[in-house]
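Undergrad:
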Amino acid sequence: MKKFRFTLVSIFFCLLFGLPAGHGGTVLTVYGEQTGRVITRQFDTLIVTILSPDRRIFQYAEKDVQKITAESKTLVSAPTSLQEVASATGEKVVDLAPGMEVKIVKNPEDSDWVEVQVWGSTQGWLPKSILTDEVVFPGDKPQVVLPPFMKPIQTESPTDVPSTLVIPESGPGSLPPVEQEADEE
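In this text, residue positions in the sequence shown follow the working numbering: the first is 615, and each later residue adds one.
1) Scan the stretch 650 to 704 and note each continuous beta strand (DSSP E) run of 3 residues or more that stays entirely inside, going in chain order.
2) Kindly indicate the opening and closing residues of the beta strand (DSSP E) around I718.
3) So if DSSP puts K706 in a beta bridge, which residue, or which two residues, is it bridged to?
4) Please return the same chain residues whose Cβ sits closer than 8 Å to the Cβ of T640, not counting the five positions on each side in sequence.
5) Could you check which residue in K720, I744, E715 has the C-alpha nearest to that of R651?
6) With the cut-off set at 8 Å, would you say V662 and Y645 are in Cβ contact?
7) What runs of the beta strand (DSSP E), each 3 residues or longer, lie entirely inside the stretch 726 to 753?
8) Could you spell out the range, first to last residue, of the beta strand (DSSP E) harbouring V641?
9) Does the Cβ-Cβ distance between S691 and L745 come in under 8 Å?
10) Three-state secondary structure (DSSP) at E723?
11) Using the Cβ count rule (16 or more neighbours within 10 Å means buried), how would you classify T688?
12) Count the other CB atoms, across all protein chains shown, that sit within 10 Å of the CB of E723; report buried if there are 16 or more and exposed otherwise.
13) For V699, which of R655, F751, Q737 has the nearest alpha-carbon?
14) Can you tell me which of T659, I671, W727, D668 puts its alpha carbon nearest to the alpha carbon of K677?
15) Take F751 and list the residues in its own chain whose beta-carbon comes closer than 7 Å to its own, dropping the five residues that flank it on each side.
16) Which whole-angstrom value is the C-beta distance of I653 and W733, which I expect to be below 8 Å?
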């Protein structure tokens with residue numbers, strides 16, 4: 615029986631070896647859109663991790679995620695278990711959360727099961743019917759309210775900006791004095 619413990623090592627393993635060509639999803643959140651390798655994990659809440667092609671990591675709680683899409687049916691549509699063999703009665707390898715992106719290893723036409731790989735190295739079988747190309751997370755998503763330091767500064771007119779720079783008394787390490795223009799009134 616294969617045992618798997620999900621750790622940050624799995625994420626760094628994926629980062630180390632990069633993203634396979636044509637492999638990735640798009641996550642639409644209340645903060646915008648992110649593209650890359652999608653990993654979902656159920657803790658107290660669902661956590662969505664995106665490993666971007668430029669090797670950055672983004673994480674969002676389920677309450678901030680609107681939907682996850684992929685170019686083909688490589689997303690888990692509902693909570694399920696990865697099986698060791700192509701049977702519902704087989705040994706469970708690991709539980710998968712909705713939105714988890716899988717890599718298809720073997721897709722026999724005469725079977726209702728597909729062999730997949732998750733987290734770069736863990737393999738098992740899933741029913742074909744559980745795979746989709748879009749997972750929508752229901753519920754009202756809050757509007758994003760930016761903190762004050764992220765909001766653009768609004769000025770009444772371009773003349774609100776001072777036209778001269780006042781430099782304090784000159785001393786060691788300071789710039790030479792600057793002549794100030796007289797204000798015209």
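All C-beta atoms, glycine included, are put in the ideal place defined by N, C-alpha and C. Keep in mind it's a predicted model, so treat the numbers as computed, not measured.
TA: On the basis of the coordinates in this document:
1) 660 to 665, 671 to 675, 679 to 684, 694 to 697
2) Walking along the sequence shown from the start, residue 718 turns up at place 104. First-last of the beta strand (DSSP E) with I718: 717 to 720.
3) Residue 706 sits at position 92 when you count from the first residue of the sequence shown. Partner(s): Q697.
4) By 1-based counting over the sequence shown, the position of residue 640 is 26. Hits under 8 Å: E647, Q648, T649, I682, T683, A684.
5) Counting from one through the sequence shown, the residue named residue 651 turns up at place 37. It is E715 whose Cα lies nearest to the Cα of R651.
6) Taking the first residue of the sequence shown as 1, we reach residue 662 at position 48. Taking the first residue of the sequence shown as 1, we reach residue 645 at position 31. Contact flag unset, no.
7) 727 to 732, 736 to 741, 748 to 750
8) Against the sequence shown, residue 641 aligns to sequence position 27. Here the beta strand (DSSP E) through V641 covers 639 to 643.
9) Position 77 of the sequence shown, counted from the first residue, corresponds to residue 691. Position 131 of the sequence shown, counted from the first residue, corresponds to residue 745. Yes, these two residues count as a Cβ contact at 8 Å.
10) Numbered from its first residue, the sequence shown carries residue 723 at position 109. Three-state result, E723: coil.
11) Within the sequence shown, the letter at position 74 stands for residue 688. With 16 or more other Cβ atoms within 10 Å, it is buried.
12) Residue numbering aside, residue 723 sits at position 109 when the sequence shown is read from its first letter. Burial call: exposed.
13) In the sequence shown, the residue the question calls residue 699 occupies position 85. The candidate whose alpha carbon is nearest that of V699 is Q737.
14) Against the sequence shown, residue 677 aligns to sequence position 63. When only C-alpha atoms are compared, the closest one is T659.
15) As a first step, residue 751 must be located in the sequence shown, where it is residue number 137. For F751, where only same-chain residues beyond five positions count, the Cβ hits under 7 Å are E676, V679, Q680, K681.
16) The residue given as residue 653 occupies position 39 in the sequence shown. The residue given as residue 733 occupies position 119 in the sequence shown. The Cβ separation is near 7 Å, so the contact holds.
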